[in-house]
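S.K.: First the structure, then my questions, so here it is.
Here is the structure:
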């Protein structure tokens, strides 16, 4: 069945470091991917998205990389700040309908000063 | 305005109570969603409304009853819930066009069923 998973449940970094959060997906038919950030007590916040016809997309301090060969997605955060501390979810749109996103299990990012 | 609002923020209810969760967006989005999120877990899709019609029901128990009165509002009516239904209930919206799937989430309603 479909599954979206993460390699590391918790990632601890120092302020100023670059962070890389990884996500593995199993549905090779997925054509759209999103990264969300969820802070404690809040709803998921959109960070960046990427379509399957791209392998890289950059935003402000964030970059998403997509490797369809190995079905791997990553989120890179440059110069990580304490405010980046949160749980990060990847989500994919599979082939079951364009409105349905499947979320990964989440990675907690802890940024220490 | 990229905001989805949800009320109430917190809700405590007994197993015999009837309550409703409300969601509102003014982004002109035509798809609205209800998700359930347990602690330390990802959001799980419950319902999708597209152009005010129910398009997806993820086999949710009938004690959860969604309603979309208009394109800006989405309700979730709760009746005879169980303690295991305690969770964060998230509303989201999206433009509802295949090329624009980004879903924007509200802050959620934290529900406790006693």
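Residue numbers (our numbering), protein chains in the order written: chain A, 3 to 115; chain B, 440 to 553.
Virtual Cβ for every residue (Gly too), placed ideally from N, Cα, C.
1) Give a yes or no on whether 9 Å exceeds the smallest Cβ distance from residue 52 of chain A to chain B.
2) Going by C-alpha distance, which of A:62, A:86, A:96 is nearest residue 23 of chain A?
3) What does a CB cutoff of less than 8 Å around residue 96 of chain A pick up in its chain, not counting 5 residues either side in sequence?
4) As an exercise, report each continuous beta strand (DSSP E) stretch of at least 3 residues that is fully enclosed by the region 490–553 of chain B, in chain order.
5) Exposed or buried, which one is residue 485 of chain B when buried takes at least 16 other CB atoms within 10 Å?
6) Whose C-alpha, out of B:457, B:471, B:525, is nearest the C-alpha of residue 490 of chain B?
7) Residues of chain A with CB closer than 7 Å to the CB of residue 543 of chain B, please, in chain order.
8) Within its chain, find whatever has a CB closer than 8 Å to the CB of residue 453 of chain B; leave out the 5 residues flanking it on each side and keep chain order.
9) Sort out for me which residues DSSP pairs residue 53 of chain A with in a bridge.
10) For residue 502 of chain B, which residues in the same chain have their Cβ closer than 6 Å to its Cβ, ignoring the five residues on either side in sequence?
M.R.: According to the structure data:
1) Not a single C-beta of chain B is nearer than 9 Å to the C-beta of residue 52 of chain A.
2) Of the listed residues, the one whose Cα sits closest to residue 23 of chain A is A:86.
3) Excluding five sequence positions before and after residue 96 of chain A, the CB atoms of its chain that fall closer than 8 Å to its own CB belong to 4, 29, 31, 32, 102, 104, given in chain order.
4) As far as the region 490–553 of chain B is concerned, its whole beta strand (DSSP E) runs of at least 3 residues are 492–496, 503–509, 512–518, 526–533, 548–552.
5) Flag for residue 485 of chain B reads buried.
6) The shortest Cα separation from residue 490 of chain B among B:457, B:471, B:525 belongs to B:471.
7) Simply 48.
8) Counting only Cβ-Cβ distances below 8 Å, and skipping sequence neighbours, we find 552, 553.
9) According to DSSP, residue 53 of chain A bridges with A:34.
10) By the criterion of a C-beta distance shorter than 6 Å, residue 502 of chain B is surrounded in its chain by 518, 519, 520, once the five residues flanking it on both sides are discounted.
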